[in-house]
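In what follows, a single structure is set out as structure tokens and then discussed.
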Ligand SMILES: Cc1cc2nc3c(=O)[nH]c(=O)nc-3n(C[C@H](O)[C@H](O)[C@H](O)COP(=O)(O)O)c2cc1C
């Protein structure tokens, strides 16, 4: 019987399949189903900085008129108040999830700047969350900020949240950084216990008829796994933190690949929103079967076995055999 347990943020999880932040993880019925299906942990939907620093009415007006500035908040739900009913209700959601689940409950804060709102991290801790995920959704669109200043903002934010709580702290970042490994190490030095690679940056669209910018949410596909897969594989064994892979985990093979690259857990949202909470069972049972076939005894044994650290040619791993990949293309149109 392969052992599916894994360690993440200091917890022993019964499986390496985690439900990442989405509306599903704040719904009590879905939480119960996730637990029944064998989820390792759940991440609650985020409380957004914008919700904490603006009155509800101002926030609605801002979201209506400034879709770009609040890219993530608006792309999840145009009316944020329907998605997540604000700070007080959020603390109640944590308490309810804790009452319902044995699996660890990870709360989520989404912001980009230091400031008074960070004190909510303390309230989240007091409400009983097992850990906190800080989602830094920073679109570096300010012409006056250098890359070093942008990166400094990540570090300052992690330091200020770290100073506010003793909870295990995971930091969720996007891939658009000059150096993922250096940033990863800086975040760990600033107090992160885990890294969640990567958030998906939602790309706004333009409606050509109305000339309006339309933030629309497109769910992911398995092909998107390749980006976090590479960077998890590069960070494995070299960053002193738990590693979670997010974006593109839909099928059993995606979970297996994430663990082989070196993730401690694989997180999934789009697949659960499409197929429902019971999809977790398909993933965990499928992983179990695959491990039996491949003769792995435990998740610990397979973790990182296809990481850069264990690659015969680490340079080729980083460049993903670029030349070989290009030359593998064959044109459907005969010359
Ligand atoms: C409808 C929806 C709501 C989401 N809400 C949040 C959120 O509140 N906080 C957050 O950090 N990520 C949020 N995400 C991002 C997911 O947690 C996840 O990182 C992303 O969808 C990539 O994973 P996937 O490919 O499995 O979907 C949301 C995604 C979707 C589709």
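In my numbering, the protein residues as written are 546 to 880.
Note that CB positions come from ideal geometry on N, CA and C, so glycine has one too.
For residue 576, the secondary structure class from DSSP, reduced to helix, strand or coil, is helix. Of the residues assessed, residue 761 falls on the exposed side of the cut-off, its CB having fewer than 16 other CB atoms within 10 angstroms. In this structure the region 788-807 touches the region 743-752; the number of beta carbon pairs closer than 8 Å is three or more. Pairing residue 585 with residue 561 gives a Cβ-Cβ distance under 8 Å. DSSP lists 564 as the beta-bridge partner residues of residue 813. In this structure, residue 792 has its beta carbon less than 7 Å from a heavy atom of ligand 1. Per the DSSP secondary-structure output, residue 592 pairs in a beta bridge with 654. For residue 751, the uninterrupted beta strand (DSSP E) run begins and ends at 750-752, by DSSP. Of the candidates 708, 567, 843, 833, the residue whose Cα lies closest to the Cα of residue 661 is 708.
Exposure of residue 840 is indicated by the presence of fewer than 16 other C-beta atoms within 10 angstroms of its C-beta. Around the CB of residue 763, fewer than 16 other CB atoms lie within 10 Å, so the residue is classed as exposed.
If you draw a straight line from the Cα of residue 801 to the Cα of residue 599, it comes to about 42 Å. The beta carbon of residue 829 sits closer than 6 Å to the beta carbons of 560, 562, 583 from its chain, once the five residues preceding and following it are set aside; these are given in chain order. Taking a cut-off of 8 Å for Cβ pairs, the region 568-583 and the region 820-836 touch, as three or more such pairs fall below it. With contacts defined by Cβ atoms closer than 8 Å, residue 678 and residue 640 do not form a contacting pair. Burial check for residue 878: the Cβ neighbour count within 10 Å stays below 16, so the residue is exposed. When DSSP states are grouped into helix, strand and coil, residue 840 belongs to the coil group. Annotation for residue 590 indicates a beta carbon within 7 Å of some heavy atom of ligand 1. Counting only unbroken stretches of 4 or more residues, the alpha helix (DSSP H) elements lying wholly within the region 666-718 are 692-709, in sequence order. Residue 765 is positioned such that its CB atom lies no closer than 8 Å to that of residue 796. Minimum Cα-Cα distance from residue 806 among the listed residues 775, 669, 728 corresponds to 775. Non-local beta-carbon contacts of residue 752 in its own chain, meaning distances under 6 Å to residues more than five positions away in sequence, involve 759 in chain order. Looking at the DSSP output, residue 548 shares a beta bridge with 843. In the three-state DSSP reduction, residue 586 falls in the strand class (E or B). Between residue 851 and residue 785, the C-beta spacing is not below 8 Å.
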